[in-house]
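If you use this note's numbering, the sequence shown corresponds to residues 18 to 460, in order. Each residue gets a CB set at the ideal place from its N, CA and C atoms; glycine is no exception. Because the structure is a prediction, the values reported are computed rather than measured.
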Amino acid sequence: MASISKLLPFPPLVLARWWLAAVVVTSLALRFSLALALPFDAGPDERYRYQVMTELYQKNHAPRYGQEGWVPHFVVKPIFGYRLNAWVAHAFPGGLPLFVKIRFGSAFLGAMTIVVAYFIVRNLWPDKPLHAATLATLVALHPKVLGLGTYLNSDAFTIFAVTVVLYVLSLAHRRGTLHWGTSVALGAALGLVFLGRENGYSGYILAAGYCLWLLMTRGRSVAGPIAAAVAVWLLVPTAFYVHQYLTYGRAFIPILVGSGIAWVPPDYSFIEAVQSGLRVGSTYPIVHLDWRQPLHWMGFFGQIFFSSFNAYSYDIVFPSPFLSWYLLFVVGGCAGFVRFLFRRTPGVDSPEGRSRRWLLGSALAACLALFAAVVRHNFAVLHQPDGRYLMPLIVAALILLMSGWQLAFRRADWGRWLLVGGTGFFTISGFYGMWMIMRLYAY
């Protein structure tokens, strides 16, 4: 990048900061435009969450369980994410429809995710500010992430929370250890993850993997800070259950059943809820895939892979050329990242290089675990191959992809061109996806 830096009119860090500002402004403009244009209930399950949000916006307290029309799991979580949307909605003039103002909260969460992602790369590669701006562009204009910032959902908050966890871990990497202040921040970030969707719990695997590395390399010096992080993290579920008890008369109890984590409503005993969960597993109509059928596997992987890129939910599908290029860029990034993990390069075997490699390896393990959970859900419980269930780790996945692009070829120049091409492809796809959404819903 040194040769490229000489051609720039400004120092790379200055250019990266202006680039970030432009990306954030563009991102907010796109998300606000779509939030204004889309009709009510354009996003999945938006009408159920809108009921909860209306109660929070008008009365500033969570709705009571058992009211007619409430769907239990939409009432319970992510209650803090709902409150953030309500606070943002109060900042806008009353002439706008309430459902539009509430959507702006998702747009702001998306913008904050972009900024946090930028600083993650600044911590991982301090000497490469343009790489940080590149990641900000990828996050801002990834079609699926762009769509999630335009309507009321629980995914935008979950993505932000997991990204904050990755940021705190990258800060520990840059400092070479886990200080007490950073440990408190890590515990608070893990608490935010608890308050989001359950697929965001894959962020715990990310944190556990890197904390294991710190224990292996720093020993007792980080044992106390890690314990403090766990203690702070546990305060959040404790406060959550106290809130649940005060609101509903008795806390919702999380249990593992066929569909993942379910919530025991107040009129069930714990034993009754376990028996019901094991017997039914889900309140949805169940469509089973067969583990033994290769065609089922092929169909599922094709659906979930391309759905993780498509601009909205089930309604917006990119043309075949876009999907083909997406497949090629992902394959190239994966090949390059495998080379990164196993080849020896200058600086990789330094303490900083090993720490970065372990953090990225932990991110990869978390991505694989999340994907395995989605596979298990689709084959054992409900066929629902929507790529938004993979989105909590999208920033980590894009960092892995970006790293892989640079190392996909033996010649570094080719890797840089692949990075430029991938960024350009995602940029074009983001704007094209927005046009597809507007054409479908707004006209």
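Query	Result
Apart from the five residues just before and just after Val334, which ones in its own chain have a Cβ nearer than 7 Å to its Cβ?	Asn327
According to DSSP, simplified to helix, strand and coil, what is Trp434?	helix
Report yes if the CB atom of Pro409 is closer than 7 Å to the CB atom of Phe317, and no otherwise.	no
Classify Leu273: buried if its beta carbon has 16 or more other beta carbons within 10 angstroms, exposed otherwise.	Note that Leu273 scores a pLDDT of 39, beneath 50, so its modelled location is shaky and nothing firm can be said.
Could you tell me whether the segment 375 to 388 touches the segment 221 to 229, using the rule of 3 or more Cβ pairs below 8 Å?	yes
Any idea what DSSP makes of His260, helix, strand or coil?	helix
Applying the 10 Å Cβ sphere with the 16-neighbour rule, what's the burial state of Pro146?	buried
Can you check which of these residues, Gly127, Ala189, Phe177, Gly404, is closest to Leu141 by C-alpha distance?	Ala189
Any idea what DSSP makes of Asp172, helix, strand or coil?	helix
Could you check the C-alpha separation between Met233 and Val185 for me, to the nearest Å?	19 Å
Three Cβ pairs or more, each shorter than 8 Å: is that satisfied between the segment 201 to 209 and the segment 165 to 185?	yes
Whole angstroms is fine: what's the gap from Leu251's alpha carbon to Ile243's?	12 Å
What did DSSP end up calling Ala206 once you bin it into helix, strand or coil?	helix
For His159 and Leu37, I'd like the C-alpha separation in whole angstroms.	15 Å
Inspect the CB distances between the segment 190 to 202 and the segment 378 to 394 and report whether three or more fall short of 8 Å.	no
Mind checking which residues open and close the alpha helix (DSSP H) that includes Thr130?	115 to 141
From the DSSP output, in three-state form, read off Gly277 for me.	Any answer about Gly277 is weak, because its pLDDT of 38 lies below 50 and its placement is not dependable; what the coordinates show is given next. Note: Gly277 maps to strand in three-state DSSP.
Express the C-alpha separation of Val42 and Gln68 in angstroms, rounding to a whole number.	30 Å
Are Ala128 and Val138 closer than 7 Å when you measure CB to CB?	no
Give every residue of the same chain whose Cβ lies closer than 6 Å to the Cβ of Ser123, excluding the five residues on either side of it in the sequence, and list them in chain order.	Gly166, Ala173
Going by beta carbon distance, what residues of the same chain come within less than 6 Å of Ala245, once the five residues before and after it are set aside?	Ser200
Please classify Pro468 as buried or exposed, where buried requires at least 16 other C-beta atoms within 10 Å of its C-beta.	Outside the shown range of the chain (18 to 460) lies residue 468, about which nothing can therefore be said.
To the nearest angstrom, how far is the alpha carbon of Trp314 from that of Phe322?	12 Å
What is the residue span of the alpha helix (DSSP H) that Ala328 lies within?	That residue, Ala328, is in no alpha helix (DSSP H); it is neither H nor E in DSSP.
Pull up the CB-CB distance for Leu115 and Thr71, whole angstroms please, since I reckon it's below 8 Å.	7 Å
Which residue's Cα is closest to the Cα of Phe357: Phe426, Phe257, Leu195, Phe49?	Phe426
Classify Ser337: buried if its beta carbon has 16 or more other beta carbons within 10 angstroms, exposed otherwise.	exposed
Since I believe Ile454 is in contact with Leu51 (beta carbons under 8 Å), could you give me their beta-carbon distance rounded to a whole number of angstroms?	6 Å
Which runs of the alpha helix (DSSP H) at least 4 residues long sit entirely within the segment 406 to 435? Give them in chain order.	411 to 423
Taking the alpha helix (DSSP H) that Ile333 belongs to, which residues open and close that run?	From DSSP, Ile333 is part of no alpha helix (DSSP H); its letter is neither H nor E.
Would you decide whether Phe346 is buried or exposed? Buried here means 16 or more other CB atoms lie within 10 Å of its CB.	buried
Indicate the three-state DSSP secondary structure (helix, strand or coil) for Gly193 in the structure shown.	coil
Helix, strand or coil, according to DSSP, for Thr167 in the structure here?	coil
Which first and last residues belong to the alpha helix (DSSP H) in which Gly226 is found?	219 to 235
Rounded to whole angstroms, what is the Cα-Cα separation between Val162 and His107?	24 Å
If you count every other CB in all the chains shown that lies within 10 Å of the CB of Pro254, and 16 or more means buried, which is it?	exposed
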